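See below for the structure under consideration.
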Amino acid sequence: MEKLLCPSMMCADYGRLAEEIKALDEAGVDIFHCDIMDGTFVPNITMGLMDLKTIRKYTKKPVDVHLMIEDPDRWAPEYAKLGAASISFHMGATHAPVRLARQLRDMGCKACFAVRPAEPVEPIFDILDEFDMVLIMTVEPGFGGQTFIPASLEKIAQLRALADELGTETIIEVDGGISSHNAHEVFGAGAD
316 MEKLLCPSMM
326 CADYGRLAEE
336 IKALDEAGVD
346 IFHCDIMDGT
356 FVPNITMGLM
366 DLKTIRKYTK
376 KPVDVHLMIE
386 DPDRWAPEYA
396 KLGAASISFH
406 MGATHAPVRL
416 ARQLRDMGCK
426 ACFAVRPAEP
436 VEPIFDILDE
446 FDMVLIMTVE
456 PGFGGQTFIP
466 ASLEKIAQLR
476 ALADELGTET
486 IIEVDGGISS
496 HNAHEVFGAG
506 AD
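The numbering of the sequence shown is this note's numbering, which starts it at 316 and goes up by one.
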């Protein structure tokens, strides 16, 4: 699979959002990544439904939504209705991860599982085929600008090996502290 670049819109200048989306589109990014935080699941508040609606207005490229919120079972379908191409949610926040993944897929949205740095990746192994993508967090979710946690590389490699062994087409997305200094290591470990 080709390697994809997905800049976080959390880092955008909201006063110039349309211009920044256009510039990223022209620069050739593949997917726009939106970090949705509710101040409860993580200690920060960022974007919401209206922000996704605005971003969708300015680009035809896919928008990937990462829900760092309480009750994704309730809110994830709303983001899918607004045109999210993929939605990531955390196991600890959902009541029924497989049911939610199937609901999102039925709505034409990729279902994605998010793993925080301190969480093991093994719990998803038995249900990996229910998800299109796994999001490996390489910083503690909640704030931008954090330093990449190198131990995450082993988790990426472990997940890639399992996906390859099972023959799934699981996309591995990596979020947090990625730069030109470490992107080659992240891709080398098996990230997409």
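All C-beta atoms, glycine included, are put in the ideal place defined by N, C-alpha and C.
Treat the numbers as computed from the prediction; the structure is a model and nothing was measured.
Straight-line CA distance for residue i to residue j?
{"i": "residue 396", "j": "residue 457", "result": "25 Å"}
{"i": "residue 494", "j": "residue 415", "result": "32 Å"}
{"i": "residue 472", "j": "residue 501", "result": "9 Å"}
{"i": "residue 392", "j": "residue 354", "result": "20 Å"}
{"i": "residue 372", "j": "residue 319", "result": "22 Å"}
{"i": "residue 362", "j": "residue 328", "result": "12 Å"}
{"i": "residue 394", "j": "residue 367", "result": "8 Å"}
{"i": "residue 399", "j": "residue 333", "result": "18 Å"}
{"i": "residue 496", "j": "residue 461", "result": "14 Å"}
{"i": "residue 465", "j": "residue 357", "result": "22 Å"}
{"i": "residue 478", "j": "residue 437", "result": "12 Å"}
{"i": "residue 408", "j": "residue 389", "result": "11 Å"}
{"i": "residue 452", "j": "residue 488", "result": "9 Å"}
I'd like the span of the alpha helix (DSSP H) that includes residue i, first residue to last.
{"i": "residue 334", "result": "332 to 342"}
{"i": "residue 504", "result": "498 to 504"}
{"i": "residue 450", "result": "Element bounds for residue 450: not the alpha helix (DSSP H) but the beta strand (DSSP E), 448 to 452."}
{"i": "residue 421", "result": "412 to 421"}
{"i": "residue 329", "result": "Run containing residue 329: none; DSSP gives neither H nor E here."}
{"i": "residue 317", "result": "Where residue 317 is concerned, there is no enclosing alpha helix (DSSP H), given that its DSSP letter is neither H nor E."}
{"i": "residue 391", "result": "387 to 396"}
By the three-class DSSP mapping on this structure, what secondary structure does residue i have?
{"i": "residue 401", "result": "strand"}
{"i": "residue 440", "result": "helix"}
{"i": "residue 370", "result": "helix"}
{"i": "residue 470", "result": "helix"}
{"i": "residue 490", "result": "strand"}
{"i": "residue 478", "result": "helix"}
In this structure, what does DSSP give as the bridge partners for residue i?
{"i": "residue 428", "result": "404, 449"}
{"i": "residue 381", "result": "350, 403"}
{"i": "residue 360", "result": "353"}
So residue i and residue j are supposed to be a Cβ contact under 8 Å. How far apart are they, rounded?
{"i": "residue 447", "j": "residue 426", "result": "6 Å"}
{"i": "residue 490", "j": "residue 443", "result": "Rounded, the Cβ-Cβ distance is 19 Å, inconsistent with contact."}
{"i": "residue 326", "j": "residue 459", "result": "6 Å"}
{"i": "residue 370", "j": "residue 347", "result": "6 Å"}
{"i": "residue 403", "j": "residue 382", "result": "6 Å"}
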